[in-house]
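Numbering (this note's numbering), first residue to last: 552 to 1191.
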């Protein structure tokens, strides 16, 4: 089949970015919005064409082969080590094309209403196109260095979108925080790539993942500080993924990133950018399987992050921050699913890979729906705080129903999509050990509790007073909500295992009824508890807070992780490391250079008279010099 048109999936968003960035001020807001949305609609159609064509083709030996319609050499270091640029089409990259373009299209349509009249509207759509281009380039990369290039472009474009309101100090601070934290993590990613390529002499995914033995053979015998080089390389690469996916303790940037426009939160921090770390581990999954100690690390990082973020989400009052910590927790679910894998065969310990990708797909849809629904609520009441909401279901009927569908999905209630994908993750966790199964089931129950706390706080409870009567959003905002809600209702019935598995072979998904019933019962109990506490105005939440004041305070303040970072950076790094280095730089390095300049200037000042331009002075100097040379010659002859 011909996939040559796939290059347009990258070319079009780049063209839209250049067009909107260079000519946006000459366009009206309406035209810029229509142009950006039409461009993204075209890209989405092309992505769906690729998906239907790829998943519709016949398998080869039971496996869908990876295709490279484009792959050309860009840089060459040795005969073996080269950096190529191209397009890789395989099950997970094609699935990501569908996810990115679908959510991005919904965000483009939604933004036409949400961002209407905003200063910098054209610039906003240009940044959206840049981000889409970067993310699409990341998922179709044929090698790890190409992925790293687009990985950094994703970081730059997210920085621009988070800091869109550049006159707002909190937005500027949030964008810098996101940029710095992810750059720190990306340093580990780069070191891991260099370590990996040094021993394997390749950047190519098909060579790295074709045979796990190739990776182990290339790095065999090499150790550092008691660990194999293979483990160090893959742990450093995971560090980059952990930063981008906001895993503990590199999660601190994501809640503050909510300072960007709400549609940006739906695009970047719910469905696309934050799953880049999950996609990275999945892309290198055969390599990670060869270093089980790193997979154990990945499991622990994901499990701790999932529980931490879920607990913090239970007490937040800003609805976007609740969703931010919810995102962190759900991404951690996907990470855990990959970490508990022990095999490339789904039925023999590799179920977590398929479960992770399935949850990535379903989560993208219902979390985008939650963020866009939150945007509709904020648009109606002009506040992010739950204290300014309550009783909004009668004013925002479409937003209310679609938001409820998303809450039921993330809580794992059948028949919504989140139930099916989360059940597979819990089944994979139980297959690994009872400990991990119970841990993740508890986190799933907490998820149901805090999401319905949010739902009741917005749409039920005591109605807050507003300057203007809240009203439903325009069609450009409600249509994406309806589309995402429909997808959330039906996505769980997709036979996902027929398309994406760890070894490429079709796998028929079947529910583990013991796990499913347990998780649903836990979720229902959590929802009933949230209903009892928050559905109607009462004093029960305050009594619970009073009973556990310290836990509530710590959770509300995110267990003071930001304060820890502030202390480490300002009181230790800046005070005891950066300041001495800065003093040495200013006084020793700069002082030495200043001394050279001072001495040079002083000498030049003394001898500049020799170049006065006066002929008689030059003759005088010539004669004196000749006499000195003559005297020296006569003296030398006399000695001899």
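We put the CB at the ideal spot given by N, CA and C, even for glycine.
I'd like the span of the alpha helix (DSSP H) that includes residue i, first residue to last.
i: residue 948; result: 948-962
i: residue 847; result: 843-864
i: residue 930; result: 902-932
i: residue 1145; result: 1141-1158
i: residue 1174; result: 1166-1190
i: residue 757; result: 756-761
i: residue 876; result: 870-890
i: residue 1127; result: Premise fails: residue 1127 is in no alpha helix (DSSP H) and is neither H nor E.
i: residue 830; result: 827-834
Helix, strand or coil: how does DSSP classify residue i here?
i: residue 967; result: coil
i: residue 709; result: helix
i: residue 1114; result: helix
i: residue 731; result: helix
i: residue 982; result: helix
i: residue 1073; result: helix
i: residue 1051; result: coil
i: residue 779; result: strand
i: residue 611; result: strand
i: residue 1014; result: coil
i: residue 1136; result: helix
i: residue 1056; result: strand
i: residue 935; result: coil
i: residue 1089; result: coil
i: residue 694; result: strand
i: residue 797; result: coil
i: residue 1096; result: helix
i: residue 673; result: helix
i: residue 750; result: helix
i: residue 807; result: helix
i: residue 567; result: helix
For the beta strand (DSSP E) that contains residue i, what are its first and last residues?
i: residue 638; result: 633-640
i: residue 622; result: 618-627
Within 10 Å of its beta-carbon, does residue i have 16 or more other beta-carbons around it, so buried, or fewer, so exposed?
i: residue 654; result: buried
i: residue 1189; result: exposed
i: residue 1167; result: exposed
i: residue 531; result: Past the edges of the chain, shown from 552 to 1191, lies residue 531, and the structure says nothing about it.
i: residue 830; result: buried
i: residue 932; result: buried
i: residue 630; result: exposed
i: residue 1011; result: buried
i: residue 843; result: exposed
i: residue 581; result: exposed
i: residue 950; result: buried
i: residue 1089; result: exposed
i: residue 564; result: buried
i: residue 892; result: buried
i: residue 778; result: exposed
i: residue 733; result: buried
What residues in its chain sit with their C-beta under 8 Å from that of residue i, if we drop five residues either side in the sequence?
i: residue 991; result: 854, 857, 884, 887, 976, 977, 980
i: residue 963; result: 969, 970, 973, 974, 995, 998, 999, 1070, 1071, 1074
i: residue 1020; result: 946
i: residue 845; result: 782, 785, 786, 789, 839
i: residue 680; result: 564, 565, 567, 568, 571, 587, 590, 591
i: residue 633; result: 624, 625, 626, 627, 754
Since residue i and residue j should fall inside the 8 Å C-beta cutoff, what is the C-beta to C-beta distance between them, to a whole number of angstroms?
i: residue 911; j: residue 826; result: 5 Å
i: residue 618; j: residue 625; result: The Cβ separation is near 20 Å, so there is no contact.
i: residue 642; j: residue 615; result: 6 Å
i: residue 1040; j: residue 956; result: 6 Å
i: residue 870; j: residue 1005; result: 6 Å
i: residue 878; j: residue 787; result: The pair is not a contact, with the Cβ atoms about 24 Å apart (cut-off 8 Å).
i: residue 783; j: residue 746; result: 6 Å
i: residue 678; j: residue 708; result: 6 Å
i: residue 882; j: residue 797; result: 7 Å
i: residue 837; j: residue 1052; result: Incorrect: roughly 13 Å between the Cβ atoms, too far for contact.
Among the residues of its own chain, which have a CB less than 7 Å from the CB of residue i, if the five just before and after it don't count?
i: residue 922; result: 813, 816, 817, 821, 874
i: residue 649; result: 598, 599, 602
Among the residues of its own chain, which have a CB less than 6 Å from the CB of residue i, if the five just before and after it don't count?
i: residue 823; result: 651, 686
i: residue 714; result: 722, 723, 726
i: residue 902; result: 979
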